[in-house]
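Chemist: My questions will all concern the structure given below.
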Amino acid sequence: MKKKIYVNICGLALLTILFISVIFVSFSNHTLHEQMQESTKTEAAYVAAACGSLEDPVSFFDQLSAEISLRITYIRKDGSVLYDNHADAAGLENHLKRPEIQEAAANGYGSGSRLSDTLREETYYYAVRLQNGDFVRVSSVSDSVLQTFLTLLPVIGLASLAVLLCSLFIARMLTKGILKPINSIDLKKPMDSGCFEELWPLLSRIEKQNAKIDEQVNVLLDQQQKFNTITENMNEGLILLDEAGKINFINGSCKNLFHAPSMHYIGKSISLFNRSYQMQSTVDAALKGDISSAVLNLDERVVQVFGNPVIEDGKVRGAVLFILDVTQKQKAEQMRKEFSANVSHELKTPLTSISGYAELMLNGMAAPEDVPGFARKIYDEAARLIVLVNDIIKISRLDEKDIRQSKETVDLYKMAGEIEDRLEHVAEKAGVTLKLEGETVNVCAVRSMMDDLIYNLCENGIKYNRPGGSVEVLITERDQHPIIQVSDTGIGIPREYQERIFERFYRIDKSHSKQTGGTGLGLSIVKHVVECHNGYIEIHSVPDEGTVITIHL
1 MKKKIYVNIC
11 GLALLTILFI
21 SVIFVSFSNH
31 TLHEQMQEST
41 KTEAAYVAAA
51 CGSLEDPVSF
61 FDQLSAEISL
71 RITYIRKDGS
81 VLYDNHADAA
91 GLENHLKRPE
101 IQEAAANGYG
111 SGSRLSDTLR
121 EETYYYAVRL
131 QNGDFVRVSS
141 VSDSVLQTFL
151 TLLPVIGLAS
161 LAVLLCSLFI
171 ARMLTKGILK
181 PINSIDLKKP
191 MDSGCFEELW
201 PLLSRIEKQN
211 AKIDEQVNVL
221 LDQQQKFNTI
231 TENMNEGLIL
241 LDEAGKINFI
251 NGSCKNLFHA
261 PSMHYIGKSI
271 SLFNRSYQMQ
281 STVDAALKGD
291 ISSAVLNLDE
301 RVVQVFGNPV
311 IEDGKVRGAV
321 LFILDVTQKQ
331 KAEQMRKEFS
341 ANVSHELKTP
351 LTSISGYAEL
361 MLNGMAAPED
371 VPGFARKIYD
381 EAARLIVLVN
391 DIIKISRLDE
401 KDIRQSKETV
411 DLYKMAGEIE
421 DRLEHVAEKA
431 GVTLKLEGET
441 VNVCAVRSMM
451 DDLIYNLCEN
461 GIKYNRPGGS
471 VEVLITERDQ
481 HPIIQVSDTG
491 IGIPREYQER
501 IFERFYRIDK
511 SHSKQTGGTG
521 LGLSIVKHVV
531 ECHNGYIEIH
541 SVPDEGTVIT
551 IHL
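Read in full-length UniProt numbering, the sequence shown has 521 at position 521, and its numbers run on one by one without any break.
Okay, structure coming up:
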């Protein structure tokens, strides 16, 4: 803008100087031309008056030409040139038909301007007719416009320089005066700035635009805040990459899943965050436009990474990585496989026995006296098979939270007493004392589930005990919450196995389990029943001393 102001003002000044110079030179040239004509006329009148009475005008003209610079020509009435102080008279052509001579012959005087054939210059002629009929012509050369301009050029140059300097000074002052209020405009509040009225429409538009920008910024900030809130509170990991594989965004859950060190990852390569082959393969595939996934085994977790390309206008602009913690899913899958294998094994064992004994009896290979024994074994294995199937059905329903029975008020102490009576024969057979202590405690629960819970805990305490040992059942209440505690003096459970005893079909000592029987689902049923009633389990066990299992409902 400053440059434009300087150029415009200086250009205008130069154009003004040029215009004035043209007018001034033209006017000066015209004035000088008029003065020259008047001077020529006056001189011609003087010369004509002086030589009118002379017998030898040539001598007079010679004397006069030394005193004046004008050209004097004496022409006879027949047009021949008698005298010319600037040219050889004998060599000059007849002047009778010259315009000024013809006009003088008619009127007594005449004038004319033309390019002189002799002097080759623009010449003004003035002729006077004498009394004897001859003519005296005085002529003078007038300066051309160019000659006048060249004569006045130094003056014009100095004037132009002065005007140009003044223009530069004025341009500088104007520029400062214009830019100072503009530079002082507060872009946040433009209408509050003291500025030229001519700029008010622009300032008004700026203020309206600022309002729109502020509104859009607030919308973007609100969206950014929502995005940050959502991504920082989601359990899944999220990483946004640009087309070069640099991290544009990473949420806290992702860092926690990978136990990443606390540092600034934005703008860094994904390989700095995780160098695994699976991660890099997923990223490479996504940046090539393919959807891919991979499973990464971390120290304590198993995560699955999903890579999706970000495509705009047919080009891959980046990638989105979505990370899920599939540790529990993998464990559940592993448990499902183990459960299927264990169920197959547990079903196969009694079925094999039943099939074997039945085949002996069918083929007549069993002695008559052995048939009752075989029948008893078939019956026992069938009963065991029924118990196993019932337990599998129970735990399947518990897995699916299929609690069809309605809850009711259950007296846990009374129920424990009934279970004690049912297990008294089993305890006596194992040489274990079964003892119940506590008080009446009522709980809102599913009666059959509470029965399964207490029964399985007591049965396990008897099975994994030793002759002469004991199982104590305590029913009490703590902080208005029912407590069921079963203690035994059995073989105990090593610490490393205490978390796994509630898994399906898990047995620490499989040889002992075969001797004691059972399905291996008892404690798993206990765990599911407690979870269905929003409780939790505590276990304390010392090998060769005993185990205490406490249920908090």
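Each residue gets a CB set at the ideal place from its N, CA and C atoms; glycine is no exception. On a predicted model such as this, the values are computed, not experimentally measured, just so you know.
Closer than 8 Å is the cut-off here; do at least three beta carbon pairs connect the stretch 376-389 with the stretch 404-413?
Modeler: With a cut-off of 8 Å, the stretch 404-413 and the stretch 376-389 do not count as touching, because too few Cβ pairs lie within range.
Chemist: Using the C-alpha atoms, what's the distance from Arg71 back to Leu119?
Modeler: Legend: pLDDT at Leu119 = 48, less than 50; position of this residue unreliable, no value from coordinates given.
Chemist: In the DSSP assignment, what residue or residues form a beta bridge with Pro309?
Modeler: Pro309 is bridged to Ala319.
Chemist: Pull the bridge partners of Gly112 from the DSSP assignment, please.
Modeler: Tyr125.
Chemist: Do you know offhand how far Ala106's Cα is from Gly11's?
Modeler: Using only the alpha carbons, I get a separation of about 56 Å.
Chemist: Rounded to the nearest angstrom, what separates Met234 and Gln223 at their Cα positions?
Modeler: Straight-line Cα distance between these residues: approximately 16 Å.
Chemist: Which residues bound the alpha helix (DSSP H) around Thr282?
Modeler: Run containing Thr282: Tyr277 to Leu287, per the alpha helix (DSSP H) assignment.
Chemist: My understanding is that Ile549 touches Leu457, with C-beta atoms under 8 Å, so please give their C-beta distance in whole angstroms.
Modeler: Indeed they touch by this definition, with Cβ atoms about 6 Å apart.
Chemist: Do you know offhand how far Arg422's Cα is from Leu436's?
Modeler: Whole-angstrom Cα-Cα distance: 13 Å.
Chemist: Can you check which of these residues, Val441, Glu499 and Pro494, is closest to Thr476 by C-alpha distance?
Modeler: Cα-wise, what sits closest to Thr476 is Val441.
Chemist: Measuring CB to CB, does Asp134 end up less than 7 Å from Arg98?
Modeler: No, the pair does not count as a contact, with Cβ atoms beyond the cut-off.
Chemist: Under a three-way DSSP split, which group does Asn256 fall into?
Modeler: Asn256: helix per DSSP, three-state reduction.
Chemist: What does DSSP give as the partner residue(s) for Gln209 in the beta ladder?
Modeler: Answer by DSSP bridge pairing: none, since Gln209 is not bridged.
Chemist: Excluding the five sequence neighbours on either side, which residues of its own chain have a C-beta within less than 6 Å of the C-beta of Ile291, listed in chain order?
Modeler: For Ile291, where only same-chain residues beyond five positions count, the Cβ hits under 6 Å are Asn308.
Chemist: Would you grab the beta carbon distance between Leu240 and Gly318 for me? Rounded to a whole angstrom, and I think it's under 8 Å.
Modeler: That belief holds up - the Cβ atoms of Leu240 and Gly318 are roughly 7 Å apart, short of 8 Å.
Chemist: Determine the DSSP secondary structure at residue 558, reduced to helix, strand or coil.
Modeler: The displayed coordinates of the chain run from 1 to 553. Any statement about residue 558 would go beyond what the structure contains.
Chemist: Taking Ile484 as the reference, which of Tyr497, Asp452 and Glu503 has the closest Cα?
Modeler: Among Tyr497, Asp452 and Glu503, the Cα nearest to that of Ile484 belongs to Asp452.
Chemist: Can you name the start and end residues of the beta strand (DSSP E) that Gln485 belongs to?
Modeler: Start and end: His481 to Asp488.
Chemist: List the endpoints of the continuous beta strand (DSSP E) containing Arg137.
Modeler: Run containing Arg137: Phe135 to Val141, per the beta strand (DSSP E) assignment.
Chemist: Run through the stretch 218-258 for me and flag every whole beta strand (DSSP E) of 3 or more residues, listed as ranges in chain order.
Modeler: Segments of the beta strand (DSSP E) lying fully in the stretch 218-258: 237-242 and 247-250.
Chemist: For Gly492 and Val530, which I take to be in contact (beta-carbon distance under 8 Å), what is that distance rounded to the nearest angstrom?
Modeler: Between Val530 and Gly492 the Cβ distance is about 22 Å, and since that is not below 8 Å, they are no contact.
Chemist: Assuming Val426 contacts Ile378 (C-beta within less than 8 Å), just tell me the rounded distance between them.
Modeler: No, Val426 and Ile378 are not in contact; Cβ-Cβ is about 22 Å, not under 8 Å.
Chemist: Going straight from the alpha carbon of Lys429 to that of Pro467, what length do you get?
Modeler: Cα-Cα distance, rounded: 9 Å.
Chemist: Along the chain, where does the beta strand (DSSP E) that runs through Glu538 open and close?
Modeler: Start and end: Tyr536 to Val542.
Chemist: Ala294 by DSSP, collapsed to three states: which one?
Modeler: If DSSP states are grouped into helix, strand and coil, Ala294 belongs with the strands.
Chemist: Checking 7 Å against the spacing of the C-beta atoms, do Glu34 and Val138 come in under that value?
Modeler: Not a contact, by the Cβ cut-off of 7 Å.
Chemist: Measuring alpha carbon to alpha carbon, tell me which residue in Gly267, Ala260 and Lys288 is nearest Arg275.
Modeler: With distances taken between Cα atoms, Arg275 lies closest to Ala260.
Chemist: Is the stretch 520-527 close to the stretch 487-502, with three or more CB pairs under 8 Å?
Modeler: Contact between the stretch 520-527 and the stretch 487-502 is present, because at least three Cβ pairs lie under 8 Å.
Chemist: Below 7 Å CB to CB, which residues in the same chain sit around Asp242 once its five sequence neighbours on both sides are set aside?
Modeler: Here the set comprises Asn248 and Gly318.
Chemist: How is the beta strand (DSSP E) around Val81 delimited, first residue to last?
Modeler: Segment Val81 to Asp84, the beta strand (DSSP E) holding Val81.
Chemist: Of the choices Pro372, Met450 and Ser59, whose alpha-carbon is the least far from that of Lys394?
Modeler: It is Met450 whose Cα lies nearest to the Cα of Lys394.
Chemist: Using the C-alpha atoms, what's the distance from Val320 back to Met263?
Modeler: If you take the alpha carbons of Met263 and Val320, they lie about 21 Å apart.
Chemist: Consult DSSP for Leu158 and reduce its assignment to one of helix, strand or coil.
Modeler: Looking at Leu158 - three-state DSSP - the assignment turns out to be helix.
Chemist: Can you look up Ile427 in the DSSP assignment and give me helix, strand or coil?
Modeler: It should be noted that the sequence gives Ala, not Ile, for residue 427. DSSP places Ala427 in helix when its eight states are reduced to three.
Chemist: Exposed or buried, which one is Gln515 when buried takes at least 16 other CB atoms within 10 Å?
Modeler: Interpretation of Gln515 is limited by its pLDDT of 49, a score under 50 that renders its predicted location unreliable; the figure taken from the coordinates is listed afterwards. Looking at its Cβ environment, which holds fewer than 16 other Cβ atoms inside 10 Å, Gln515 is exposed.
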